[in-house]
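All residue numbers for the sequence shown refer to the working numbering, where the first residue is 36 and numbers rise by one. Don't be surprised by glycine CBs; every beta carbon is placed ideally from N, CA and C. Single-structure report; data block below.
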Amino acid sequence: MSTATNASRPQGLRDVLEGSRVVVCCGSGGVGKTTTASVIALEAARAGRRTVVVTIDPARRLADALGLESLSNTPTRVDIGPEGSAGEMHALMLDTKSTFDGLVRRYSADSDQAERILANRFYENISSALSGTQEYMASEKLYELAEEGDWDLVVVDTPPTRHALDFIDAPQRLATFLDHRLYKVLMTPTRGIVRAVNVAAQTVVRSLSKVVGGEVVADAIAFFQAFEGMEEGFKQRAAAVDALL
36 MSTATNASRP
46 QGLRDVLEGS
56 RVVVCCGSGG
66 VGKTTTASVI
76 ALEAARAGRR
86 TVVVTIDPAR
96 RLADALGLES
106 LSNTPTRVDI
116 GPEGSAGEMH
126 ALMLDTKSTF
136 DGLVRRYSAD
146 SDQAERILAN
156 RFYENISSAL
166 SGTQEYMASE
176 KLYELAEEGD
186 WDLVVVDTPP
196 TRHALDFIDA
206 PQRLATFLDH
216 RLYKVLMTPT
226 RGIVRAVNVA
236 AQTVVRSLSK
246 VVGGEVVADA
256 IAFFQAFEGM
266 EEGFKQRAAA
276 VDALL
């Protein structure tokens with residue numbers, strides 16, 4: 036009877052996770068992504084690693100799967116079983132607006148810049164309601180946990196497939212937008228109602244104003260200009276998350 040060598044031995048879950056820093060669980064609805072994400076984080080914790088599982092699905096399935104009443108935007112410690120386990124497991128549920136507000140306060144040059152952004156009406160809308168904001172903030176939360184947090188493993192529980200792919204693509208889309216000519220036009224210091232400095236910019240702004248209203252466009256321009264100096268940090272973090280994924 037032969038004995039299996041290490042090279043031929045089938046890999047178990049702990050073997051697969053051994054060198055992993057980030058695991059993203061994707062799939063269609065109802066296939067068990069949340070349960071899988073919970074088990075992965077639990078097994079890694081029981082193997083001695085400090086793990087955190089984060090859900091970017093607005094449904095409360097992760098809290099239910101872990102037997103918790105609720106989860107917040109900050110890690111909550113989870114009981115991993117028998118005493119003596121060397122690792123730890125924590126869990127959190129992405130809060131898009133809280134994450135965005137935290138980024139603004141953290142990366143603004145000073146409190147005045149932060150307050151200008153937070154008080155802007157366009158920001159108030161996009162920080163909680165704009166399609167895509169959740170995915171961008173999920174990538175920022177992943178950066179915070181993987182690059183700045185003291186975690187050995189970050190497990191991400193995603194929404195159903197289409198939204199999961201949006202999350203994976205979000206860092207590259209953000210970097211592309213920040214390099215786009217329209218963004219650079221909106222960032223240009225301006226005067227007048229249309230707040231533009233050249234004919235091309237005026238044409239763009241006036242066209243947008245006819246569709247959504249001049250007040251909305253003015254708020255949007257004020258918002259982007261208030262972000263001056265922060266965009267490079269967003270690009271760098273987006274690139275770091277893109278590399279992680």
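Figure out for me which residue from S133, D114, K132 has the closest Cα to the Cα of A126.
Residue 126 sits at position 91 when you count from the first residue of the sequence shown. Sorting S133, D114, K132 by C-alpha distance to the C-alpha of A126 places D114 at the top.
Can you tell which of R208, M128, R151 has its C-alpha closest to the C-alpha of V139?
The sequence position of residue 139 within the sequence shown is 104, counting from 1. Nearest C-alpha to V139: R151.
Evaluate V88 with the Cβ neighbour count: other Cβ atoms within 10 Å of its Cβ, from every protein chain shown; 16 or more gives buried, anything less gives exposed.
Position 53 of the sequence shown, counted from the start, is the residue given in the question as residue 88. Burial of V88 is indicated by the presence of at least 16 other C-beta atoms within 10 angstroms of its C-beta.
Apart from the five residues just before and just after R112, which ones in its own chain have a Cβ nearer than 6 Å to its Cβ?
Residue mapping note: residue 112 aligns to position 77 of the sequence shown, counting from 1. Closer than 6 Å at Cβ, skipping near neighbours: H125.
Secondary structure of E123, DSSP reduced to three states
Mapped onto the sequence shown, residue 123 falls at position 88. It is a strand residue.
Out of curiosity, what's the CA-to-CA distance linking A261 and L209?
In the sequence shown, the residue the question calls residue 261 occupies position 226. In the sequence shown, the residue the question calls residue 209 occupies position 174. The alpha-carbon separation between A261 and L209 amounts to approximately 17 Å.
Per-residue burial, R56 [other beta carbons within 10 Å of its own, 16 or more giving buried]:
For the purposes of this step, residue 56 is identified with residue 21 of the sequence shown, where counting begins at 1. For R56, the number of other beta carbons within 10 angstroms of its own is below 16, and it is reported as exposed.
Name, in chain order, the residues that DSSP records as bridge partners for M128.
In the sequence shown, counting from the first residue as 1, residue 128 sits at position 93. DSSP lists T90 as partners of M128.
Locate the alpha helix (DSSP H) running through R156, then write down its first and last residues.
The sequence position of residue 156 within the sequence shown is 121, counting from 1. That run of the alpha helix (DSSP H) goes 156 to 161.
Rounded Cβ spacing between R85 and E123 (contact assumed at less than 8 Å)
Sequence index remark: in the sequence shown, residue 85 carries index 50 (1-based). Sequence index remark: in the sequence shown, residue 123 carries index 88 (1-based). About 5 Å; that satisfies the 8 Å criterion.
Assess contact between the region 185 to 192 and the region 142 to 158, defined as three or more Cβ pairs (one per stretch) separated by less than 8 Å. Is contact present?
Output reads no: the region 142 to 158 does not touch the region 185 to 192.
Go ahead and pull the three-state DSSP assignment for R112.
Translated into positions along the sequence shown, residue 112 becomes position 77. DSSP places R112 within a strand segment (E or B) once states are collapsed to three.
Is it true that the CB of L280 sits closer than 8 Å to the CB of I203?
Here residue 203 is taken as the residue at index 168 of the sequence shown, counted from 1. Here residue 280 is taken as the residue at index 245 of the sequence shown, counted from 1. Going by C-beta atoms, I203 is nearer than 8 Å to L280.
Answer with buried or exposed for P93, where buried requires no fewer than 16 other C-beta atoms within 10 angstroms of its C-beta.
The count along the sequence shown starts at 1 and reaches residue 93 at position 58. P93 is exposed by the Cβ-count criterion.
Once DSSP output is grouped into helix, strand and coil, what is the label at D254?
The sequence position of residue 254 within the sequence shown is 219, counting from 1. If DSSP states are grouped into helix, strand and coil, D254 belongs with the helices.
Quick one: Cα of T69 to Cα of T109, how far?
Numbered from 1 along the sequence shown, position 34 holds the residue referred to as residue 69. Numbered from 1 along the sequence shown, position 74 holds the residue referred to as residue 109. CA-to-CA, the gap between T69 and T109 works out to about 18 Å.
Please determine if the region 61 to 78 and the region 165 to 184 are in contact, where contact requires at least 3 C-beta pairs separated by less than 8 Å.
In short, these stretches do not touch, since the Cβ pair count stays below three.
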